[in-house]
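Peer 1: For the record, in the sequence shown the residue sitting at position 270 is 256 according to my numbering, with numbers rising by one throughout. A single structure is presented below for examination.
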Amino acid sequence: MNFPPAEECRLCRRNCGTARQVRAGRCGMTDEVRVARAALHMWEEPCISGKEGSGAVFFVGCPLHCVFCQNREIAAGRGGRAVTVPELAEIFLRLEKENANNINLVTPTHFVPAVIEAAARARENGLRIPIVYNTGSYETVKTVELLAGTVDIFLPDLKFYDPEIARRYADAPDYFEAAAAAIGKMAELTGPPVFDGRGIMQRGTLVRHMVMPSHTKDSMRILDYLADTYGKDLYVSIMSQYTPMPGIEKRFPELGRRVTRREYEKVVDHALALGLTNAYIQERETAKESFIPAFDGTGV
Ligand code: SF4
């Protein structure tokens, strides 16, 4: 496997070229893999979690750092435990023994080379369940290409369409262009979704979009793009779980509240009008902080 040179990381579109053996990049991380939690997770889409749960491995650090992030402690690079590649492979195998429907790598972009090695090791040692790559979609196309043969299911966000919104909330005005290209490669790698007899996804790409307060127009432009590019059969998940983190209204007054029922329904109606009937719709009750798991090193 031909990984990018470790002395000059360019795994994500920050393209910061950091020598991660000696210091942290903009993602907040050195080349030491840190995991904040590895446990069964029941709150993904039904085709991912099922009844048994998804084996979620939450990585510390993030290339995006959205201002509204609900996992911001770990996204900022704080907490978690350092793991070696063999330990990560053992975590995957343990989650399978706990009856997880898949291994769900949450925000793994900045650790892609280690994740690929750990997955290969776990497969050699008997791992059978699908590997899910759950991402904010700010990786390069080259990084996605590295995942061919490792990842079975991509679960990419498509967060913002408007460059100004992406700049304001993630300092990433090129977000849409980057994410659209990455998602294009993901869809190409997996092909159309495949489900088992229980309706659990075994292969495929499921695009997620979280509706933000005051930004339904941006959501609708994203859905227009997805329907135009991938057609009506695309699997999408329209999320209503935005939760204002304490104090966010001081710098971003428009983000200081939850999404209203009217805003969410407007976006869902738009998806249905576009013919996107393979859309997962969220109950608004899930927009509670209690659905944010404890990032206390559980299972690491
Ligand atoms: S993954 Fe981290 S170190 Fe690598 S390019 Fe992105 S921000 Fe920089």
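The beta carbon of each residue, even a glycine, is placed where N, CA and C say it ideally should be.
So residue 225 is in the beta strand (DSSP E); what residue range does that whole segment cover?
Peer 2: 221 to 225
Peer 1: Please report the Cβ distance between residue 63 and residue 10, rounded to the nearest whole angstrom; I am assuming they are in contact, meaning their Cβ atoms lie under 8 Å.
Peer 2: 6 Å
Peer 1: Please indicate yes or no: does the CB of residue 96 lie closer than 7 Å to some heavy atom of ligand 1?
Peer 2: Distances between the C-beta of residue 96 and the heavy atoms of ligand 1 include at least one below 7 Å.
Peer 1: Measure the CB-CB distance between residue 216 and residue 173 and report whether it falls below 8 Å.
Peer 2: yes
Peer 1: What are the start and end residues of each continuous alpha helix (DSSP H) run of 4 or more residues lying completely inside the segment 134 to 180, in chain order?
Peer 2: 149 to 156, 161 to 176
Peer 1: If you run the structure through DSSP and keep just helix, strand and coil, what is residue 96?
Peer 2: In the three-state reduction of the DSSP assignment, residue 96 falls in the helix class.
Peer 1: Using DSSP with H/G/I as helix, E/B as strand and the rest coil, what is residue 23?
Peer 2: Residue 23 falls in the strand class under three-state DSSP.
Peer 1: Can you name the residues that DSSP bridges to residue 42?
Peer 2: 25, 90
Peer 1: Are the CB atoms of residue 192 and residue 223 within a distance shorter than 8 Å?
Peer 2: yes
Peer 1: Apply the 10 Å Cβ neighbour rule to residue 120 and answer buried if 16 or more other Cβ atoms are within range, or exposed otherwise.
Peer 2: buried
Peer 1: So, for residue 65: in the same chain, excluding its five sequence neighbours on each side, which residues have a beta-carbon less than 7 Å away from its beta-carbon?
Peer 2: 22, 46, 59, 281
Peer 1: Residue 264 and residue 221 - do their beta-carbons sit closer together than 8 Å?
Peer 2: yes
Peer 1: Assuming residue 162 contacts residue 146 (C-beta within less than 8 Å), just tell me the rounded distance between them.
Peer 2: Residue 146 and residue 162 do touch by the CB rule: their CB atoms are close to 6 Å apart, below 8 Å.
Peer 1: Could you tell me whether any non-hydrogen atom of ligand 1 is closer than 7 Å to the CB of residue -3?
Peer 2: yes
Peer 1: Identify whether residue 258 lies in helix, strand or coil by the three-state DSSP scheme.
Peer 2: helix
Peer 1: Grab me the residues of residue 238's own chain with a C-beta within less than 8 Å of its C-beta, minus the 5 sequence neighbours each way, in chain order.
Peer 2: Excluding residues within five positions, the ones whose Cβ falls inside 8 Å are 53, 54, 154, 155.
Peer 1: Tell me whether residue 189 sits in a helix, a strand or coil according to DSSP, three-state version.
Peer 2: strand
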